[in-house]
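Read in full-length UniProt numbering, the sequence shown has 220 at position 220, and its numbers run on one by one without any break.
Even glycine gets a Cβ: it sits at the ideal position worked out from N, Cα and C.
Here the structure comes first, spelled out in structure tokens, and everything after it is commentary.
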Amino acid sequence: MNGIDLSAIRKRFGETEVVKGLDLTIAEGEFLVILGPSGCGKSTLLRLIAGLEDVTQGRIRIGGRDVTHEEPGRRGCAMVFQNYALYPHMTVAGNMAYGLKVAGVPRRERAERVARIAGMLELGALLDRRPHELSGGQRQRVAMGRAMIRSPRVFLFDEPLSNLDAKLRAQLRLDIKRLHRDLGTTSVFVTHDQLEAMTMADRMVVMNGGRIEQAGTPQEIYRRPATRFVAGFIGAPA
Ligand code: ADP
Ligand code: MG
């Protein structure tokens, strides 16, 4: 019961409308990629789903339940950002367990969950290190671990790989897809990188200027771009 349903979503900041009436249904267990140029409203859309911003208009349902006015902590979404701010004074294990500690999960269960998630992310040997002793890719894995550990219903990724070099990006793309499958979550992955979108998406949405230009599988969009913008942006034959 982790599907997401967005209906007629609008978001204004002052006079400026940045999401302009957006309808989107994301199936339970789907890995949906939102692709679009900088400034088109991708981060805003994720923040609306997570509840970090309030919609100006429209309705958001997760797992069939209306969460439009639900506070972020009760929506079951975990978000991974580009700038994975870890707590510098805490170990990897401490960083991962922090949210559980705050939520009052007992020490023993925290340790079990940290061990399990660390295993999935190949962080088992690094649990006692501090962030400054890790590579960029390892830090991003810890940030993912921290998001995963509370067993979210929905995973929201906001360009989590853009600060990493090409080799790490390729590795983490695989890691993220594997985690998505293993955990059975619904994932929404935002990027401005066409290749990343085409290689990761079950289905993708091309956004431009606060609107959806086209939704479909990567093959459908590449073979039959619906608009000139889409053709230009993904480099497909128009
Ligand atoms: P993207 O993630 O696709 O680059 P954003 O969602 O970050 O785009 O931003 C979309 C537009 O909304 C941009 O023009 C941005 O300047 C504006 N915007 C985003 N957040 C705010 C805010 N809190 N206040 C005012 N304008 C904002
Ligand atoms: Mg953004």
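Which one or two residues does DSSP pair with S7 in a beta bridge?
Per DSSP, R59.
At the level of alpha carbons, what is the spacing between D193 and L35?
Their backbone Cα atoms lie some 7 Å apart in a straight line.
So who's on the other strand from F229, going by DSSP bridges?
Note: F229 sits in no beta bridge, so no partner.
Does any heavy atom of ligand 1 sit closer than 6 Å to the C-beta of V18?
V18 Cβ: within cutoff of ligand 1.
Please name the residue in L156, Q219, L86 and A166 whose C-alpha comes closest to that of I49.
Out of L156, Q219, L86 and A166, L156 has the C-alpha closest to the C-alpha of I49.
Which of the three DSSP states is assigned to S135 in this structure?
DSSP places S135 in coil when its eight states are reduced to three.
Beta strand (DSSP E) containing N95: first to last residue?
N95 -> not in any beta strand (DSSP E); alpha helix (DSSP H) instead, spanning V92 to V102.
Straight-line CA distance for R178 to R59?
Cα to Cα, R178 sits roughly 31 Å from R59.
Please tell me whether D165 and S43 are closer than 7 Å, where the distance is taken between their beta carbons.
No; because the gap between Cβ atoms is not below 7 Å, this pair is not in contact.
Among V33, T16, N2 and G21, which one has its Cα closest to the Cα of A27?
When each option's Cα is compared against that of A27, the closest is N2.
Since Y84 and R173 should fall inside the 8 Å C-beta cutoff, what is the C-beta to C-beta distance between them, to a whole number of angstroms?
Actually they do not touch by this definition, with Cβ atoms about 16 Å apart.
From M96 to R75, what does the alpha carbon distance come to, in whole angstroms?
For M96 and R75, the distance between alpha carbons rounds to 20 Å.
Which runs of the beta strand (DSSP E) spanning at least 3 residues fall entirely within the stretch 174 to 234, listed in chain order?
Counting only runs of 3 or more, we get 186 to 191, 203 to 208 and 211 to 216.
Helix, strand or coil, according to DSSP, for V19 in the structure here?
If DSSP states are grouped into helix, strand and coil, V19 belongs with the strands.
Buried or exposed for K11, please, with buried defined as at least 16 other CB atoms from any protein chain shown within 10 angstroms of its CB.
With 16 or more other Cβ atoms within 10 Å, it is buried.
Is the closest heavy atom of ligand 1 to the C-beta of S162 under 6 Å?
False, no ligand heavy atom lies under 6 Å from that Cβ.
Exposed or buried, which one is F13 when buried takes at least 16 other CB atoms within 10 Å?
By the 10 Å Cβ count, F13 comes out exposed.
If you scan the stretch 115 to 170 from start to end, which runs of the alpha helix (DSSP H) of 4 or more residues do you find wholly inside it?
136 to 148, all fully within the stretch 115 to 170.
In the DSSP output, which residue or residues are listed as bridge partners for L32?
In DSSP, L32 forms a bridge with V188 and R203.
Considering only the beta carbon of each residue, do L127 and A170 sit closer than 7 Å?
No, the pair does not count as a contact, with Cβ atoms beyond the cut-off.
Heavy atom of ligand 1 less than 6 Å from the Cβ of C77, yes or no?
The answer is no for C77.
Pull every residue with its beta-carbon under 6 Å away from any heavy atom of ligand 1, and keep them in chain order.
Chain-ordered list of matching residues: F13, V18, G36, S38, G39, C40, G41, K42, S43 and T44.
Taking C-beta to C-beta, are V154 and T186 nearer than 7 Å?
In this structure, T186 lies closer than 7 Å to V154 by Cβ.
Taking T91 and R47 to be in contact with their CB atoms under 8 Å, please state how far apart those CB atoms are, rounded to whole angstroms.
The Cβ separation is near 29 Å, so there is no contact.
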